[in-house]
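Report on one structure; see the data block that follows.
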Amino acid sequence: MSDLRDLYQEVIMDHNKRPRNFRIIPQPTHHADGLNPLCGDRISVYLDVKDGVIQDISFQGAGCAISSASASLMTEALKGKPVSEVEYLVDAFHTVVTNDGECPKNLGKLNVLAGVRDYPSRVKCATLAWHAVRAALEQHKDPVATE
Amino acid sequence: MSLHSATAPLPLTPLTSATTRSTLDIARIRAEFPILRRKVHDKPLVYLDNAASVQKPKAVIDAISECYTGYYANIHRGVHLLSERSTLAYEGTREKVRAFLNAASTQEIIFTRNATESINLVASSFGSDFKPGDEVVITGMEHHSNIVPWQLLCQRTGAILKVAPFTETGELILEEYERLLDSGRVKLAAFVHISNALGTVNPVKRMTELAHARGIPVLIDGAQSVPHLAVDVQALDCDFYAFSSHKVYGPSGVGVLYGKKALLQAMPPYQGGGDMISVVTFEKTEYADLPNKFEAGTPNIADVIGLGVALDWLTAIGLDQVAAHEHALLEHATRQLREIPGLRIMGTARDKAALVAFTLQGVHPHDIGTILDREGVAIRAGHHCAQPVMQHYGVPATARASFAVYNTHDEIDALIKALWKVKEMFEL
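Residue numbers (this note's numbering), protein chains in the order written: chain W, 66 to 212; chain E, 103 to 530.
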């Protein structure tokens with residue numbers, strides 16, 4: 066089971082069991098739903114943006130260990146970041162979970178999700194919350210789908 | 103070559119719905135499936151995703167190759183030898199399908215792309231004269247393929263879709279179905295024979311009788327049933343029956359629609375083109391007779407021929423034997439799954455076919471699917487194209503193990519062992 070541990074790393078299992086920022090922000094400045102039509106998973110993300118900075122970010126929903134942990138880790142990574150950096154981070158994270166190349170620097174804990182790249186059918190699980198954040202900041206009204 | 107073992111039958115648990123005991127030599131059957139010899143992640147392949155699509159015996163694979171290497175040409179056109187030979191093989195399959203379903207005539211057998219297209223054909227053609235307020239009755243356990251075509255028809259015509267509910271165990275509530283038929287506005291009842299998400303075998307003969315008593319024609323979605331039980335469309339007296347080749351050991355890309363001749367004759371064509379006409383001028387076209395009226399354009403010739411070989415193969419084994427073997431597998435699996443703490447089985451109908459859908463508390467079905475895959479065990483994880491069924495049980499998805507004639511008791515044991523590994527991994 067050693068190779069499975071590359072995917073289901075301890076940090077991921079921890080965030081799956083005890084997701085951080087797993088709540089609703091009552092009056093968010095931005096909000097969007099992410100939908101994975103493949104498995105029916107739905108994740109809602111909420112943001113509170115002030116002066117171009119993400120003051121607070123949270124998520125709700127049900128998903129697999131990969132999508133839940135990715136959403137949880139994402140909220141930790143984005144809290145306190147300027148909105149102008151989000152686009153770069155979303156792209157960098159996408160590189161982490163899809164590329165064979167080197168992981169982008171300065172993503173810190175997010176690199177634990179690099180194991181996903183060996184499981185192509187699970188990439189959409191890992192990117193679901195990130196799609197939703199991008200959609201929220203672009204003020205999409207309809208749920209954003211991974212396909 | 104006989105696929106029945108000469109030795110004593112396998113020791114089986116008592117059967118509830120299957121009436122015979124399997125005497126099949128499963129090792130010999132397995133030997134006919136080249137893909138079953140391969141490994142997945144260095145583990146022997148345990149293929150339990152048969153409700154999605156089954157693997158193909160060598161006879162079917164060879165038949166397709168023989169068609170293309172030996173005698174392929176377009177059908178119904180040429181006077182040359184290859185075209186005549188291809189036409190003969192293609193139309194020969196129509197006769198095999200007729201016999202397989204015990205239809206009255208080959209004119210009642212239409213080749214399509216899959217069961218989904220067969221249902222869409224009926225929705226488009228039979229449903230073309232539906233009026234606002236007309237009703238179509240389906241059940242709550244339909245595959246999306248028997249929901250969405252009717253929704254599209256309703257959008258086009260103003261007809262209304264009515265849904266008969268099912269119980270917690272996954273059984274249709276027959277009284278509710280009957281009540282929906284009583285509105286006086288129902289133009290068609292369309293329902294699934296065996297639910298792909300629950301395994302429930304619906305009482306389709308009774309459901310057909312109830313509809314016919316009110317003058318309502320029925321369509322049966324048989325995608326999951328034809329590989330598991332013998333279907334006799336005349337005994338069922340259904341008006342339409344749809345199934346897919348790829349679920350019955352044949353190639354993908356071919357489906358079948360059975361329809362009663364009188365209905366098919368009265369229906370307008372589904373698509374226009376070559377092969378479905380008798381006379382064409384720019385003013386007017388006369389359509390060909392059945393079944394060609396519904397087969398516009400060059401069909402999937404080689405794969406239709408492959409389907410014929412698959413039906414021969416399955417018939418030689420005998421569907422009673424297949425059902426008995428699969429039922430034993432289902433009982434073996436169900437008994438062991440029940441021993442896993444936190445495991446919940448969705449669909450516990452009294453009459454159930456060869457699949458078991460479940461959830462495991464604390465683990466998403468996708469994670470189950472990924473971990474099982476690394477153990478060589480292929481199952482389906484997701485909504486099984488039956489999202490309303492998932493909503494019924496309040497889950498986003500389930501894991502589903504589904505069985506075919508080539509599966510063994512040892513493979514079920516491998517599934518169970520892998521599920522214990524999932525629990526270990528998730529510290530449950």
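Just so you know, even glycine gets a beta-carbon here, dropped at the ideal spot from N, CA and C.
Contact annotation: the stretch 253-266 of chain E does not touch the stretch 202-214 of chain E, with fewer than three C-beta pairs closer than 8 Å.
Taken atom to atom, the span from the alpha-carbon of residue 136 (chain W) to that of residue 70 (chain W) is near 19 Å.
At the C-beta level, residue 295 (chain E) and residue 339 (chain E) stay beyond 8 Å of one another.
Burial is judged here by how many other beta carbons sit within 10 angstroms of a residue's own beta carbon; residue 367 (chain E) has fewer than 16 and is exposed.
Taking CB atoms only, residue 481 (chain E) has no neighbour in chain W less than 8 Å away. The stretch 188-258 of chain E is shown to contain whole beta strand (DSSP E) runs of 3 or more residues at 211-214, 237-241, in chain order. The beta carbon of residue 180 (chain W) lies closer than 6 Å to those of 71, 72 in the same chain, with the five residues before and after it left out. The residues 112, 113, 114, 115, in chain order, have a CB closer than 8 Å to that of residue 94 (chain W) in the same chain once the five nearest residues on each side in sequence are set aside.
Per DSSP, the continuous alpha helix (DSSP H) segment holding residue 471 (chain E) begins and ends at 467-476. When rounded, the separation of the alpha-carbon atoms in residue 195 (chain W) and residue 139 (chain W) is 7 Å.
Annotation: residue 491 (chain E) to residue 272 (chain E) spans about 9 Å, alpha carbon to alpha carbon. Between the alpha carbons of residue 473 (chain E) and residue 485 (chain E) lies a distance of about 18 Å. When Cβ-Cβ separations below 8 Å define contact, residue 484 (chain E) makes contact with chain W.
Within 7 Å of the CB of residue 103 (chain W), the CB atoms of chain E belong to 484, in sequence order along the chain. Residue 75 (chain W) and residue 157 (chain W) have their alpha carbons spaced roughly 22 Å apart. Rounded to the nearest angstrom, the gap between the Cα atoms of residue 511 (chain E) and residue 443 (chain E) is 21 Å.
Between the stretch 496-511 of chain E and the stretch 143-152 of chain E, the count of Cβ pairs shorter than 8 Å is three or higher; the stretches touch. Chain order gives no chain E residues near residue 71 (chain W), where near means a beta carbon separation below 7 Å; the closest approach is about 11 Å.
Within the stretch 106-133 of chain W, the residues whose Cβ lies closer than 7 Å to some Cβ of chain E are 106, 127, 128, 129, 130, listed in chain order.
Scanning chain W for C-beta atoms nearer than 7 Å to the C-beta of residue 369 (chain E) yields nothing, as the closest lies near 33 Å away.
Cβ atoms of residue 398 (chain E) and residue 422 (chain E) stay farther apart than 8 Å, at about 38 Å.
Within chain E, 468, 472 have C-beta atoms less than 8 Å from the C-beta of residue 187 (chain W), given in sequence order. Between residue 463 (chain E) and chain W, the shortest Cβ-Cβ separation is not below 8 Å. The C-beta of residue 401 (chain E) has 16 or more other C-beta atoms within 10 Å across all chains shown, which makes the residue buried. A distance of 8 Å or more separates the beta carbons of residue 224 (chain E) and residue 384 (chain E). Residue 403 (chain E) places its beta carbon 8 Å or farther from that of residue 211 (chain E).
Secondary structure at residue 125 (chain W): strand, using DSSP grouped into helix, strand and coil.
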